[in-house]
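For reference, each letter of the sequence shown is one residue, going 28 to 428 in my numbering. A virtual CB, placed ideally from N, CA and C, is assigned to each residue, including glycine. The structure presented is a predicted model; accordingly, all values stated were derived computationally and were not measured. Data block below; observations after.
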Amino acid sequence: MTENGVVPLPDRRRVLLGGLGITAGVAGLTLSVPALARAAEAGGSRAVTDDIQLIIERLQQRFLAQGDQVRIANGIFLARTSEALTYVESLRADGSWPNVDYDDTTSSANGRVWSPYHALYRMIAMAHAYRDPDAAGYGKPELIEALNRALLYWDGVKPTSTNWWEVEIGKSMAMGRVSIFVGDELSAEAREVTYAHNTGRLDPAGANGSWRTENYLYEAVAKHATADIEQGYATMSQTVAVDSSGKVTEAVQVDSSFWAHGAQLYSEGYGMALFTIVAAWADVARGTSFAFSPEDIDAIAFYILDGTRWLIRGEIGMMYLGYRPPNTIDGMTSYAADFLEPLDRMVRADETNSAAYQRLADNIRGKIRENGVTGHKYFWRSEFSSHLRDEYGIFTRINSP
């Protein structure tokens with residue numbers, strides 16, 4: 028690591044930023060070829076089977092570690108793992124809940140709630156409880172029986188929303204997680220429902236692409252489909268590849284900032300969501316035949332340590348949705364707290380840069396004053412300036428017409 032904290036990646040092409048003498052790398056598009064070769068060589072061997080089971084267990088641990096509240100859509104909390112048995116009791120014989128309007132099409136954007144979300148959140152809570160040794164419903168067959176009914180009812184009525192995110196991503200996310208937790212316990216018919224209503228697909232474009240690809244991976248992992256898992260990981264690595272063409276408007280830029288919804292700086296928000304998803308899949312596959320290649324891990328470091336880290340000094344220096352209240356994560360209430368989970372995952376997944384990720388996480392947690400970088404960085408693609416010194420930090424944003 029250089030004196031100003033930039034992560035040295037010798038295989039990158041170096042470019043000068045704005046005449047300031049600050050360098051950043053351009054990560055190439057990588058397809059995790061070494062990892063794919065290892066997995067292909069192993070084929071359907073016991074080793075690959077064990078790797079997939081380890082990924083499933085780590086995925087389950089990932090969500091159980093998030094606490095009692097079930098999370099799908101940002102800022103919407105509708106179910107708790109601790110209440111799973113009450114959801115079983117209130118479920119009708121036909122698999123519906125009396126207080127859920129399955130015909131509702133409300134968009135959950137900007138704080139409103141799509142009523143069928145209540146059913147999806149409850150199904151996840153029930154699946155979590157079945158696998159959580161600390162939950163009252165741990166291993167109880169009535170949870171599986173209720174999930175079978177709830178899934179079949181969902182398939183019969185097929186709820187939809189006016190918002191594409193609920194229809195394409197939110198619903199698929201819920202179905203994918205249920206299949207990861209209890210797919211092997213559900214009836215064959217109910218299990219097929221989780222697959223049929225998971226429309227995840229391979230998409231390498233930014234945050235939305237990472238959501239779609241994550242949902243694709245849920246189904247691939249639940250089915251133990253080795254080739255599909257390989258494709259999913261290859262595509263996931265592309266979501267953090269740098270766009271050096273200047274034409275892609277949802278991608279990591281050559282200055283290590285992130286664009287979404289056009290030429291707009293979104294290193295927080297969508298950029299944080301992208302980091303969260305990619306870091307999670309890097310972490311759950313570490314040490315397996317599906318692990319990201321060193322080049323893929325370096326691409327994440329370029330995006331976060333060469334980029335987003337310069338936007339954080341205890342708290343995030345730019346906020347895209349200041350009207351939303353900050354989340355409380357690991358005892359910290361701040362907008363930057365959302366970065367803690369993926370940072371902790373990269374501490375494990377990236378041995379080379381583990382200390383740098385840990386330092387940034389410690390800064391957000393208030394354990395140390397500095398985030399690991401000092402100096403000046405200008406994000407010329409996004410017109411954002413970060414000036415960090417031992418005693419202070421100054422962030423400046425410019426919006427050109």
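Close Cβ partners of residue i (< 8 Å) along its chain, the five nearest in sequence each way excluded
i: residue 57; result: The predicted position of residue 57 is uncertain, since its pLDDT is 41 and thus under 50; no value can be drawn from it.
i: residue 165; result: 156, 157, 158 and 159
i: residue 100; result: 135, 144, 192, 193 and 197
i: residue 443; result: A query on residue 443 cannot be resolved here, the shown segment of the chain reaching from 28 to 428 and no further.
i: residue 60; result: Reliability of the predicted coordinates at residue 60 is poor, the pLDDT of 45 falling under 50, and the value obtained from them is presented with this limitation in mind. Excluding positions up to five away in sequence, the list reads 320.
i: residue 372; result: 306, 307, 309 and 310
Residue i versus residue j - alpha carbon distance
i: residue 335; j: residue 408; result: 14 Å
i: residue 393; j: residue 93; result: 20 Å
i: residue 261; j: residue 237; result: 11 Å
i: residue 175; j: residue 155; result: 15 Å
i: residue 341; j: residue 388; result: 9 Å
i: residue 294; j: residue 279; result: 9 Å
i: residue 425; j: residue 377; result: 33 Å
i: residue 240; j: residue 87; result: 18 Å
i: residue 132; j: residue 386; result: 44 Å
i: residue 420; j: residue 309; result: 31 Å
i: residue 167; j: residue 90; result: 19 Å
i: residue 382; j: residue 332; result: 11 Å
i: residue 115; j: residue 173; result: 6 Å
i: residue 113; j: residue 171; result: 14 Å
i: residue 415; j: residue 85; result: 37 Å
i: residue 412; j: residue 289; result: 20 Å
i: residue 151; j: residue 405; result: 43 Å
i: residue 142; j: residue 370; result: 33 Å
i: residue 32; j: residue 345; result: Its pLDDT being 47, under 50, residue 32 is placed unreliably by the model, and the measurement read from it follows with that caveat. Those two C-alpha atoms are separated by around 20 Å.
i: residue 169; j: residue 162; result: 14 Å
i: residue 384; j: residue 96; result: 26 Å
i: residue 352; j: residue 72; result: 48 Å
DSSP state of residue i mapped onto helix, strand, coil
i: residue 429; result: Residue 429 is absent from the model: the chain starts at 28 and stops at 428.
i: residue 355; result: strand
i: residue 360; result: strand
i: residue 229; result: coil
i: residue 93; result: coil
i: residue 169; result: helix
i: residue 185; result: coil
i: residue 298; result: helix
i: residue 260; result: helix
i: residue 197; result: helix
i: residue 244; result: helix
i: residue 236; result: helix
i: residue 369; result: helix
i: residue 127; result: coil
i: residue 145; result: helix
i: residue 68; result: Low confidence applies here, because residue 68 scores a pLDDT of 48, under 50, leaving its location unreliable; read the following figure in that light. Reduced to three states, the DSSP call for residue 68 is helix.
i: residue 315; result: coil
i: residue 112; result: helix
i: residue 117; result: helix
i: residue 79; result: helix
According to DSSP, residues forming a beta bridge with residue i
i: residue 340; result: 342
i: residue 413; result: 404 and 422
i: residue 105; result: DSSP output for residue 105 lists no bridge partner at all.
i: residue 279; result: 269 and 285
i: residue 292; result: 286
Proximity test, residue i beta-carbon vs the ligand NAP heavy atom, cut-off 7 Å
i: residue 296; result: This structure lacks the ligand NAP, and indeed carries no ligand of any kind.
Close Cβ partners of residue i (< 6 Å) along its chain, the five nearest in sequence each way excluded
i: residue 147; result: 201
i: residue 221; result: 202, 205 and 206
i: residue 343; result: 295, 362 and 363
i: residue 304; result: 237 and 241
i: residue 218; result: 210
i: residue 298; result: 285
Residue i at chain B interface by Cβ criterion, 8 Å
i: residue 269; result: Considering every chain present, this structure includes no chain B. It has just one protein chain.
Cβ neighbours of residue i in the same chain (closer than 7 Å, five flanking residues each side left out)
i: residue 198; result: 147 and 224
i: residue 246; result: 203, 206, 222, 225 and 227
i: residue 354; result: 364 and 365
**OP:** Specify whether the stretch 78-85 and the stretch 111-125 touch according to this definition: at least 3 beta carbon pairs, one from each stretch, less than 8 Å apart.
**Re:** Not touching, per the Cβ criterion.
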